[in-house]
Amino acid sequence: MDLLEYQGKQLFGRHGLAVSDGKAVTTVDDAVAAANEIGYPVVVKAQVLIGGRGKAGGVKLAANEAEAREHATNILGLDIKGHIVRTLWIEYASDIATEYYASVLLDRGAKKPLVMFSVEGGVEIETVAEETPEKLIKENVDPLVGLTREQAVDIATRGGADADVIEGVADALVALYEVWIEEDASLAEINPLIVTPDRQVKALDAKVTLDDNAMFRHKENADLGDSANADPIEQKAKEQDVIYVKLDGDIGIMGNGAGLVMSTLDVVAQYGGTPANFLDAGGGSDAAKVKQAIELILANDQVKAVLLNIFGGITRCDEVANGLVAAFGDLNPTVPFVVRLDGTNDVEGRKILEDAALPNVHAATTMDSAAELVVKLAKENS
Numbered sequence: 001m002d003l004l005e006y007q008g009k010q011l012f013g014r015h016g017l018a019v020s021d022g023k024a025v026t027t028v029d030d031a032v033a034a035a036n037e038i039g040y041p042v043v044v045k046a047q048v049l050i051g052g053r054g055k056a057g058g059v060k061l062a063a064n065e066a067e068a069r070e071h072a073t074n075i076l077g078l079d080i081k082g083h084i085v086r087t088l089w090i091e092y093a094s095d096i097a098t099e100y101y102a103s104v105l106l107d108r109g110a111k112k113p114l115v116m117f118s119v120e121g122g123v124e125i126e127t128v129a130e131e132t133p134e135k136l137i138k139e140n141v142d143p144l145v146g147l148t149r150e151q152a153v154d155i156a157t158r159g160g161a162d163a164d165v166i167e168g169v170a171d172a173l174v175a176l177y178e179v180w181i182e183e184d185a186s187l188a189e190i191n192p193l194i195v196t197p198d199r200q201v202k203a204l205d206a207k208v209t210l211d212d213n214a215m216f217r218h219k220e221n222a223d224l225g226d227s228a229n230a231d232p233i234e235q236k237a238k239e240q241d242v243i244y245v246k247l248d249g250d251i252g253i254m255g256n257g258a259g260l261v262m263s264t265l266d267v268v269a270q271y272g273g274t275p276a277n278f279l280d281a282g283g284g285s286d287a288a289k290v291k292q293a294i295e296l297i298l299a300n301d302q303v304k305a306v307l308l309n310i311f312g313g314i315t316r317c318d319e320v321a322n323g324l325v326a327a328f329g330d331l332n333p334t335v336p337f338v339v340r341l342d343g344t345n346d347v348e349g350r351k352i353l354e355d356a357a358l359p360n361v362h363a364a365t366t367m368d369s370a371a372e373l374v375v376k377l378a379k380e381n382s
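Quick note: the sequence shown uses UniProt numbering, first residue 1, plus one each step.
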């Protein structure tokens, strides 16, 4: 789950990171009231899960009430790369002496947390890593020990932080690591981490991604994110506890197990197709859940053909076949289906489909033949 900037800042504040005073609002009048309460100058910031807000006109400085109203009016409802602005963050404008960068993420290669720090804040960190890698400090952390203050001070010192704010930067790094650990985040990033003229260290922005699989431990975070801009099919899938990710193609994909689904997407792409979704029905899916999954796939108008690739283990192929029959009875799909059943009760499953004689349903015996056929059918149906 990706958090909006203001949500990330509120999370930071709970863990002792210094952030500017601000307020989230959804109307122009509330934006003006918040600006008047906070005091001018303020920054009116669009809250969307996409970069480039400033270039798109989604971040504006307001020196008085008239400007606050003008900017709020212009930014609310703004379309920024397909994300509609429905929430604004009104924040007191910070004086900035220096901009740094800080983040904590998982180093999958080292299988350890990774802390990154750079004095080149406020720009794309990828550019810094490519053009001036010596200015980006990367430090793995022992997960059994955590980020110690001594290690944080060393990172800030080697990274080139001004001598008089090394302690403040170390405090921010330790707090950021605490956010990453205690909130089960996969990414906690501040860009920029600013130093004010009076030498305070503050988080001016926040980019946080929380691990959805750990959300049962964080009920207080369940309603975060940007549900207003969420894809409606993905939102429905989440409510139904189905793992579904919408993609840009026209071939619906359903499998059981993340590895099998990922392989299916790859094989479809090898045959020249473009998957419309990732859908993992999971282990032990019964007929009802299979039908539910097919409904989600067909809710995408871009789908021209569907591939069901099932390797039965806990999931029984006859249950999958019954779910497909039920889905056809209720939904009357107009797109072709390719079904590959292998594993537990595969003979029974294929017999169910054969007896049902569903229109435009094609059987396949291997993943390759299924992928090749579904790509062919999708092109014919375009």
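Every residue, glycine too, gets a C-beta built ideally from N, C-alpha and C. For clarity, every value in this text was computed on a predicted model and none was experimentally measured.
Selection from the options that minimises the alpha carbon distance to residue i
i    : options                : result
L76  : P113, D107, A24, L373  : A24
T334 : A305, E348, D164, A288 : A305
D29  : G13, G16, V42, E65     : E65
E139 : V19, L204, P113, I125  : P113
G39  : V59, A63, K111, R53    : A63
A46  : V85, L11, S20          : V85
M367 : L204, V268, K111, L78  : V268
L105 : E99, G58, A170, V141   : V141
A357 : T344, V339, T365, E372 : V339
N322 : G22, L353, I314, G343  : L353
D79  : T315, R53, R217        : R53
V347 : K135, A363, L265       : A363
G343 : T315, G329, S382, K351 : T315
M215 : K238, D198, A68        : K238
Cβ-Cβ distance between residue i and residue j below 8 Å
i           : j    : result
V375        : G312 : no
T26         : T87  : yes
L210        : E189 : no
V242        : L279 : yes
D301        : G349 : no
L187        : S103 : yes
L61         : A93  : yes
D223        : V195 : no
residue 383 : V153 : Absent from the model: residue 383. The displayed extent of the chain is 1 to 382, so no value can be given.
V179        : A172 : no
I96         : V42  : no
G121        : L193 : yes
V115        : L144 : no
I137        : N191 : no
N221        : K246 : no
D107        : L49  : no
L17         : A203 : yes
A281        : K291 : no
V320        : L341 : yes
The alpha helix (DSSP H) enclosing residue i, as first and last residue numbers
i           : result
R340        : Looking at the DSSP string, R340 is not in any alpha helix (DSSP H); the run it does join, the beta strand (DSSP E), is 337-343.
I251        : Note, I251: premise wrong, no alpha helix (DSSP H); beta strand (DSSP E) at 251-255.
residue 411 : Nothing about residue 411 can be read from this structure; the chain reaches only from 1 to 382.
V346        : Looking at the sequence shown, residue 346 is not Val but Asp. That run of the alpha helix (DSSP H) goes 346-356.
V174        : 166-182
A299        : Where A299 is concerned, there is no enclosing alpha helix (DSSP H), given that its DSSP letter is neither H nor E.
R158        : 149-159
M262        : 258-270
Closer than 7 Å: residue i CB and nearest the ligand SAH heavy atom
i    : result
V374 : The ligand SAH is absent from the structure shown, which contains no ligands of any kind.
Opening and closing residue of the beta strand (DSSP E) in which residue i lies
i    : result
S118 : 112-118
N309 : 305-312
V59  : 59-62
A24  : 22-25
Where residue i sits in the DSSP three-state scheme
i    : result
I80  : strand
P275 : strand
P143 : coil
S94  : coil
S103 : strand
L204 : coil
V48  : coil
N381 : coil
Y40  : coil
K9   : helix
A188 : strand
V242 : coil
D280 : strand
D2   : strand
L17  : coil
T209 : strand
A363 : strand
V195 : strand
L136 : strand
L88  : strand
L373 : helix
Cβ separation of residue i and residue j, assumed to be a contact under 8 Å, to the nearest whole Å
i    : j    : result
E5   : A206 : 5 Å
G252 : V303 : 4 Å
H71  : V44  : 4 Å
N332 : A370 : 23 Å between Cβ atoms; not a contact.
L307 : I233 : Not confirmed; about 17 Å, so no contact.
G249 : P275 : 5 Å
Chain B within 8 Å of residue i, Cβ atoms only
i    : result
L204 : The structure shown contains no chain B, having only a single protein chain.
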